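A.B. asks: Here it is, the structure, as structure tokens.
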Amino acid sequence: MVSPVHPGAMDWSRHYPKHCSPPAHSLDALADPDVTVQVPSKRPHSPPDDLDALCMRSCAPYTATAHAGDKRVEFADIGCGYGGLMVGLASVYPDTLMLGMEIRVKVQEYVYQRIQALRAQNEGPEGVPGGYQNISIIRMNAMKFLPNFFAKGQLTKLFFLFPDPHFKKKKHKARIISPTLLAEYAYILHPGGIIYTITDVKDLHEWMVKHLTSHPLFERIPDDELASDPAIPHVRQSTEEGKKVERNNGDKFLACFRRMDDPIAH
Ligand code: SAM
Numbered sequence: 050m051v052s053p054v055h056p057g058a059m060d061w062s063r064h065y066p067k068h069c070s071p072p073a074h075s076l077d078a079l080a081d082p083d084v085t086v087q088v089p090s091k092r093p094h095s096p097p098d099d100l101d102a103l104c105m106r107s108c109a110p111y112t113a114t115a116h117a118g119d120k121r122v123e124f125a126d127i128g129c130g131y132g133g134l135m136v137g138l139a140s141v142y143p144d145t146l147m148l149g150m151e152i153r154v155k156v157q158e159y160v161y162q163r164i165q166a167l168r169a170q171n172e173g174p175e176g177v178p179g180g181y182q183n184i185s186i187i188r189m190n191a192m193k194f195l196p197n198f199f200a201k202g203q204l205t206k207l208f209f210l211f212p213d214p215h216f217k218k219k220k221h222k223a224r225i226i227s228p229t230l231l232a233e234y235a236y237i238l239h240p241g242g243i244i245y246t247i248t249d250v251k252d253l254h255e256w257m258v259k260h261l262t263s264h265p266l267f268e269r270i271p272d273d274e275l276a277s278d279p280a281i282p283h284v285r286q287s288t289e290e291g292k293k294v295e296r297n298n299g300d301k302f303l304a305c306f307r308r309m310d311d312p313i314a315h
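For any residue, its number in our numbering is found by taking its place in the sequence shown, counting from 1, and adding 49.
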């Protein structure tokens, strides 16, 4: 598992070939006014160990920022599991790039194949992107490397759907919502952006609400405001875990939070 050294080192064209152009790797790129080329001081030491590594390796020995007009990822599904949320949202927000982030290799491979199949079945006419070109998956540890992938204020939605509960008290530090990680989520979320949380575990719900409401950069969105949010039905029903909870007649505790404006610096 490798991560880019900074968000500009990602080649997003491998994830969204119909929406992002590949970075220029040759010295010709220096002549392209749309491309900023940086020469890193060192090449990566270790060989890439998986599919995602291709995206980073393709940036060596140069890294290039996105071409003007390229789209950027705006939604991230943290611990996306089998990808049900993105598949559900792909046609609700057809012009928005979404990325699932998942730590398990087999699950990432499954979602990758799922997306490839959906793309093949939904090809558009010449010059039109076609279906599911706006969703992709990456294998990574979201508790460690999120700011390597996203720039400050880049995201407008961040999803934490049915995260692992880590029931025992001494395992609470492994929970994906924690005071330290909230600082990272606030950094990559645009002011006005939304964190969505849902779980069937009441104790975890209360934990997430407690930490998010006590953070100075997040405020809870009242439930009546959420009624008009087109993402909410998918948050409740589209993920594989959400469907399992439904089959077992379990509870679903939903709580969403808005990233507030940065305090004015004096
Ligand atoms: N959100 C999905 C759903 O609702 O169906 C999956 C929920 S599942 C209970 C939690 C997922 O988070 C698992 O697929 C797990 O592998 C993933 N996960 C746990 N820790 C992670 C981490 N640090 N980075 C990325 N993914 C993680």
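For glycine and all other residues, C-beta sits at the position ideal for the given N, C-alpha and C.
All values derive from a computational prediction rather than experimental measurement.
Give the single residue among C129, T205, E172 and K217 whose Cα lies nearest to the Cα of T288.
C.D. replies: Mapped onto the sequence shown, residue 288 falls at position 239. Nearest of C129, T205, E172 and K217 to T288, Cα basis: C129.
A.B. asks: My assumption, with CB atoms under 8 Å, is that V54 sits in contact with N197. Please give the rounded CB distance.
C.D. replies: Counting from one through the sequence shown, the residue named residue 54 turns up at place 5. Counting from one through the sequence shown, the residue named residue 197 turns up at place 148. Indeed they touch by this definition, with Cβ atoms about 7 Å apart.
A.B. asks: Any idea if C108 is buried or exposed, counting beta-carbon neighbours within 10 angstroms, 16 or more meaning buried?
C.D. replies: On the sequence shown, residue 108 is found 59 positions in, with the first residue counted as 1. With a pLDDT of only 38 at C108, under the threshold of 50, the placement of this residue in the model should not be trusted, and no figure is reported.
A.B. asks: Determine, using beta-carbon pairs with one atom in the region 140–160 and one in the region 211–223, whether at least three such pairs fall under 8 Å.
C.D. replies: With a cut-off of 8 Å, the region 211–223 and the region 140–160 do not count as touching, because too few Cβ pairs lie within range.
A.B. asks: For R308, count neighbouring Cβ atoms within 10 angstroms of its own Cβ and tell me buried if that reaches 16, exposed if not.
C.D. replies: For this step, residue 308 is matched to residue 259 along the sequence shown. Answer is buried; the Cβ neighbour count reaches 16.
A.B. asks: Thinking just about the alpha-carbon of each residue, which of A58, K67, I313 and E295 is nearest to the one in V177?
C.D. replies: On the sequence shown, position 128 is the one that residue 177 refers to. Cα-wise, what sits closest to V177 is K67.
A.B. asks: Let's see if you can read the secondary structure: which residues bound the beta strand (DSSP E) around I164?
C.D. replies: Here residue 164 refers to the residue found at position 115 when the sequence shown is read from its first residue. Per DSSP, I164 belongs to no beta strand (DSSP E); it is in the alpha helix (DSSP H), V154 to Q170.
A.B. asks: Please state the DSSP three-state secondary structure of A80.
C.D. replies: Here residue 80 corresponds to residue number 31 of the sequence shown, with the count starting at 1. With a pLDDT of only 42 at A80, under the threshold of 50, the placement of this residue in the model should not be trusted; the figure read from the coordinates follows. Correct three-state label for A80: helix.
A.B. asks: Beta-carbon separation of L231 and H254 under 9 Å?
C.D. replies: Here residue 231 refers to the residue found at position 182 of the sequence shown. Here residue 254 refers to the residue found at position 205 of the sequence shown. Contact flag unset, no.
A.B. asks: Under 7 Å, CB to any heavy atom of the ligand SAM. Which residues pass, going along the chain?
C.D. replies: For the ligand SAM, the selected residues are D126, I127, G128, C129, G130, Y131, G133, L134, M150, E151, I152, R153, V156, M189, N190, A191, M192, L210, F211, P212, D213, I225, T288, E289, E290 and G291.
A.B. asks: With a CB to CB cut of under 6 Å and the five nearest residues on each side skipped, what residues in its chain are close to F267?
C.D. replies: The residue you call residue 267 lines up with position 218 of the sequence shown. Excluding sequence neighbours, F267 sits near L261 and F306.
A.B. asks: So who's on the other strand from P185, going by DSSP bridges?
C.D. replies: Along the sequence shown, one-based indexing puts residue 185 at 136. A small correction: the amino acid at residue 185 is Ser; Pro does not occupy that position in the sequence shown. DSSP, once it has assigned bridges, lists L148 as partnering S185.
A.B. asks: Can you confirm whether the region 203–216 touches the region 59–66 when touching is taken to mean that 3 or more C-beta pairs between the two stretches lie within less than 8 Å?
C.D. replies: No contact exists between the region 59–66 and the region 203–216.
A.B. asks: Using the C-alpha atoms, what's the distance from C69 back to D249?
C.D. replies: The residue given as residue 249 occupies position 200 in the sequence shown. The residue given as residue 69 occupies position 20 in the sequence shown. Answer to the nearest angstrom: the Cα atoms are 37 Å apart.
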